[in-house]
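Chemist: Got a structure for you, written out below as structure tokens; questions coming shortly.
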Amino acid sequence: MPTRTPYDALERIQDRVVGEIQIAIGVELDHLTRAVQHGHAIDAEILAARATSMNDPLIDAAPFLRATRMRRVAAQAEQVALHAKVSRLRDEAMTAYSELSATREAVGTFRTETVRAALCAEQAMLDDLSGTTHHRSRSRS
């Protein structure tokens, strides 16, 4: 089991934040995909209405086309808003991941320093024992 550090709780929190942002990005990308598909469907409706009105002069497609174009403008505005939201979430993710990386580096440094301090203490103890043994052997001579 790895050594506990003062950064463990912070690391867990930051890891959770990164995960939540990743999920949010996935959800918004799904919304964006649906919005783009909806925009394509509206474009197809416009093309079909134009083709129908051109083939049958008795059909006045102008009111339908106006309403459909308004729906297309609304769909495009939704796509722009979703792109902006995904971009903002990606920026948040980059910031959160940078903070998580810095925390993980601090955890690694803490563990390395803990091991180094333990090794230095062990070496000092061995040096003390060696010095004591050496001193006893000289005292006897």
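Residue 152 is where the sequence shown ends in this note's numbering, and the numbering goes up by one at each step.
Using N, Cα and C, we set each Cβ at its ideal position, and we do this for glycine too.
Need the endpoints of the alpha helix (DSSP H) that residue 44 sits in, please.
Modeler: Run containing residue 44: 19-66, per the alpha helix (DSSP H) assignment.
Chemist: For residue 107 and residue 93, I'd like the C-alpha separation in whole angstroms.
Modeler: Rounded to the nearest angstrom, the two C-alpha atoms are 21 Å apart.
Chemist: Are the stretch 34-43 and the stretch 94-102 touching, with three or more C-beta to C-beta distances below 8 Å?
Modeler: Flag = yes, the stretch 34-43 and the stretch 94-102 touch.
Chemist: Just checking residue 95 against the ligand NAP - is the residue's beta carbon closer than 7 Å to any of the ligand's heavy atoms?
Modeler: No copy of the ligand NAP occurs in the structure displayed, which carries no ligand at all.
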